[in-house]
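J.: Have a look at the structure that comes next, please.
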Amino acid sequence: MIVMKFGGTSVGTAESIDSAAKIVAAAVEKQTQRDSAEESPGVLVVVSAMGGVTNTLIDAAQAAAAGDETPYRDARSQLLVRHQVVAGQLIEDGVERAGLGRLFDNRLREFERLCRSITVLGELTQRGLDVVSGVGERLSAPLLAAVLRANGVNSQFVDAGELIITDDQFGNANPLMDATPARCRDRLLPMMQSGVVPVVTGFVGATEKGVPTTLGRGGSDYSAAILGAALDADEIQIWTDVDGVMTADPRIVENAQSMEELSYEEVAELAYYGAKVLHPKTVTPAVESSIPLRVLNTFNPSHPGTRIVEKTRQLHHGVKAITAVRELRLITVAGRGMIGVPGIAARTFDAVARQRANVLMISQGSSEQSICFVVPEA
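Residue 369 in full-length UniProt numbering sits at position 369 of the sequence shown, with consecutive numbering throughout.
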């Protein structure tokens, strides 16, 4: 069984959605031709919001909190038209299109009502922002499922809020992996065993009480890894707009090349330190379940991309890739009163932890007069 995740650029236009649907259809055909006796059944798809949609939703909600109602009203109408136009271009069945149109309208009316409430309150909480942020995936997933059906693939939309159970750290929720796998297996395996391809919303989950949460920006990769680990997938594929993991940012380095193979450890470091191909947390569920990852290009599907495994086949002692982290701050805690005083470092980082700040680097002088650490900008 394979998990196929498609990012925002891979579903940003009618043409890219059509390409993604054809890639899924080919994978389904390939899976059905295999001897499935030794493999889990089928194909599972995870999808992000259409490119730019999440930013539009967040900007509109923030404007609503500031008392401006125009952006969320404009966003509702623009997003409704955008999704309906794509459906009209890719789906011939009038009944199917009408059903999708009603779903889009209902989802966006809910978004509009929420923004109206935000305007009245004059406040956008992180919990409210999670509800707003996940609307895009709840539009794109049923759209892609319908396009797959139009391409002859038996497919059904599934909301990840029914599958991925998280804590209540809104904006960057953590999956509860003691409860999530059973929920995923109970909901998804019967569908897949009957030949249905589930299309699951990326990026989102829900608490045990059913309150919507998100896994952090770019969290659809993480969703795919969580679901892949829960279902013991044979491979997790991340479909994006580049030919795998590159040696450098191709927007900056003209001769950047894709790498054939990386280890979990290598790609985790690259993701953590700024490489945008994978969400930094994506690798963890794959490592724990020893599931290989592959990063592929939706717009160049014949390219083999980059395979990410526990241990690479070749030793490579040179530098493999270069990346950079932007928008950081260096903080220095210094003073003669720190010399020889036990527990200074513990007290410093306890204060940092209470602010839920992520420390990327730590340095302390041998004189013990200072501690330096690097954190992302607030």
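Quick reminder that beta carbons are idealized off the backbone N, C-alpha and C, glycines included.
(1) Which residue or residues does DSSP assign as beta-bridge partners of C372?
(2) Tell whether a beta-carbon distance below 7 Å holds between M191 and P41.
(3) Between D68 and A75, what straight-line distance do the alpha-carbon atoms span, to the nearest angstrom?
(4) Is the beta carbon of A196 less than 7 Å from the beta carbon of A145?
(5) Which partner residues of E261 appear in the DSSP bridge assignment?
(6) Nearest-angstrom Cα distance between V158 and M259?
(7) Could you check if Q31 is buried or exposed, using at least 16 other CB atoms within 10 Å of its CB as the buried criterion?
(8) G101 lies in the beta strand (DSSP E); which residues open and close that run?
(9) Consult DSSP for K5 and reduce its assignment to one of helix, strand or coil.
(10) DSSP three-state call for V245: helix, strand or coil?
(11) Is the distance from the Cβ of V132 to the Cβ of A160 below 7 Å?
(12) Can you tell me whether DSSP reads S290 as helix, strand or coil?
(13) Going straight from the alpha carbon of T284 to that of V95, what length do you get?
(14) Looking only at C-alpha atoms, which of F111, H83, E110, E112 sits nearest to A98?
(15) Evaluate D221 with the Cβ neighbour count: other Cβ atoms within 10 Å of its Cβ, from every protein chain shown; 16 or more gives buried, anything less gives exposed.
(16) Going by CA-CA distance only, name the one from L360, I226, F111 that's closest to V375.
(17) In angstroms with no decimal places, state the Cα-to-Cα distance between E265 and G152.
(18) Do you know offhand how far V11's Cα is from S117's?
(19) CA-CA distance, A64 and T298?
(20) Is it a yes or a no for the segment 270-280 touching the segment 241-248, going by three-plus beta-carbon pairs under 8 Å?
(21) Going by CA-CA distance only, name the one from S16, L114, D168, G122 that's closest to T207.
(22) First and last residue of the alpha helix (DSSP H) that includes A21?
(23) Just list the residues that DSSP pairs F170 with in beta bridges.
(24) Evaluate contact between the segment 85-94 and the segment 1-21, counting only Cβ atoms and requiring at least three cross-stretch pairs below 8 Å.
(25) Just to confirm the assignment, what range does the alpha helix (DSSP H) spanning L90 have?
(26) For D130 versus P212, is the C-beta spacing smaller than 7 Å?
(27) Could you spell out where the alpha helix (DSSP H) holding F349 opens and where it closes?
(28) Helix, strand or coil: how does DSSP classify A61 here?
(29) Relative to the C-alpha of residue 412, which residue among A60, T214, R307, A378 is closest?
(30) Quick check on S140: buried or exposed, where buried means 16 or more other Cβ atoms within 10 Å of its Cβ?
(31) Which class does P190 belong to by DSSP, given the choice of helix, strand or coil?
(32) Please report the straight-line C-alpha distance between E137 and A268, rounded to a whole angstrom.
(33) Suppose the cutoff is 6 Å on Cβ atoms and the five residues either side in sequence are ignored; what does the same chain contact list for G218 look like?
(34) Counting only runs of 4+ residues fully inside the segment 131-155, write out the alpha helix (DSSP H) ranges in chain order.
(35) DSSP on P285, reduced to helix/strand/coil?
(36) Put A37 into one of helix, strand or coil per three-state DSSP.
T.: Taking the definition as stated:
(1) T332, S363
(2) no
(3) 12 Å
(4) In the sequence as presented, Ala is not what sits at residue 196; that position holds Val. No, they are not a contact pair.
(5) R307
(6) 33 Å
(7) buried
(8) Here G101 belongs to no beta strand (DSSP E); instead the alpha helix (DSSP H) covers 94-121.
(9) strand
(10) coil
(11) no
(12) coil
(13) 42 Å
(14) H83
(15) buried
(16) L360
(17) 39 Å
(18) 30 Å
(19) 36 Å
(20) yes
(21) D168
(22) 14-33
(23) Partner(s): none; F170 has no beta bridge.
(24) yes
(25) 70-90
(26) yes
(27) 344-354
(28) helix
(29) This structure does not reach residue 412, given that the chain is present from 1 up to 378, and the question cannot be answered.
(30) buried
(31) helix
(32) 25 Å
(33) H279
(34) 137-150
(35) helix
(36) Caution applies to A37, whose pLDDT of 48 falls short of 50 and renders its modelled position unreliable; the value that the coordinates give is listed next. Three-state result, A37: helix.
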